[in-house]
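Heads up, the sequence shown is in the numbering used here, so the first residue is 74 and it goes up one at a time.
Each remark here refers to the structure printed beneath this line.
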Amino acid sequence: MNEIKSTPGPWYWDDRYPTSSTGEKTWSLIGADGYGVLSCDGVENSPQGLNDFGNAKLIESAPDMALALEMIAAEDDAARHNGTPLLTSGVRMTLDAALIKAGRKEAPERN
């Protein structure tokens, strides 16, 4: 696998930090190292304030999903080496595209 160049997971949402300008809570996505990944100031900008808790949970789960895709890819690589792929070529192409987009896999060189 390539070197991961993102904040390590797991990530979680935290609302304990008030903003300096309004006193409203700032929603922060916190990484495993305790540092912020991103934040939203004020209720109107928070995932919950936008009634979009689903997006917040999706963002929070991104490191776990990337790890799961890497594990599936590794299993498929081993099976392909033995001549019995686990995934169809279309599914594998989609999986690889997601890992490339997430920066977890090198894009193939184009000639």
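For every residue, glycine included, the Cβ atom is placed at its ideal position computed from N, Cα and C.
Cα separation between Gly176 and Pro136?
The residue given as residue 176 occupies position 103 in the sequence shown. The residue given as residue 136 occupies position 63 in the sequence shown. Answer to the nearest angstrom: the Cα atoms are 11 Å apart.
How many angstroms separate the CA atom of Tyr108 from the CA atom of Glu143?
Residue numbering aside, residue 108 sits at position 35 when the sequence shown is read from its first letter. Residue numbering aside, residue 143 sits at position 70 when the sequence shown is read from its first letter. Approximately 24 Å, taken between the alpha carbons.
So who's on the other strand from Ser112, going by DSSP bridges?
Along the sequence shown, read from residue 1 onward, the residue named residue 112 stands at position 39. According to DSSP, Ser112 bridges with Ser101.
Here's the rule: buried if 16 or more other CB atoms are within 10 angstroms of the residue's CB, otherwise exposed. What is Ser162?
Against the sequence shown, residue 162 aligns to sequence position 89. Its Cβ having fewer than 16 others within 10 Å, Ser162 is exposed.
State buried or exposed for Val164, treating a residue as buried only when at least 16 other CB atoms are found within 10 Å of its CB.
For the purposes of this step, residue 164 is taken as the residue at position 91 of the sequence shown. Result: exposed.
What number of angstroms, rounded off, separates the C-alpha of Pro83 from the C-alpha of Ser134?
By 1-based counting over the sequence shown, the position of residue 83 is 10. By 1-based counting over the sequence shown, the position of residue 134 is 61. Each residue's alpha carbon lies about 7 Å from the other.
By a C-beta neighbour count over all protein chains shown, 10 Å radius and 16 as the cutoff for buried, is Thr99 buried or exposed?
For the purposes of this step, residue 99 is identified with residue 26 of the sequence shown, where counting begins at 1. So Thr99 counts as buried.
Which of the three DSSP states is assigned to Asp106 in this structure?
In the sequence shown, the residue the question calls residue 106 occupies position 33. Correct three-state label for Asp106: coil.
Counting C-beta neighbours from all protein chains within 10 Å, is the total for Leu186 16 or more, i.e. buried, or is it exposed?
Since the first and last residues shown for the chain are 74 and 184, residue 186 lies out of range.
Please report the straight-line C-alpha distance between Thr157 and Leu172, rounded to a whole angstrom.
Position 84 of the sequence shown holds residue 157. Position 99 of the sequence shown holds residue 172. The straight-line gap from Cα to Cα measures roughly 22 Å.
Output yes or no for whether 8 Å exceeds the beta carbon distance between Leu159 and Leu168.
Residue mapping note: residue 159 aligns to position 86 of the sequence shown, counting from 1. Residue mapping note: residue 168 aligns to position 95 of the sequence shown, counting from 1. No, the Cβ-Cβ distance between Leu159 and Leu168 is not below 8 Å.
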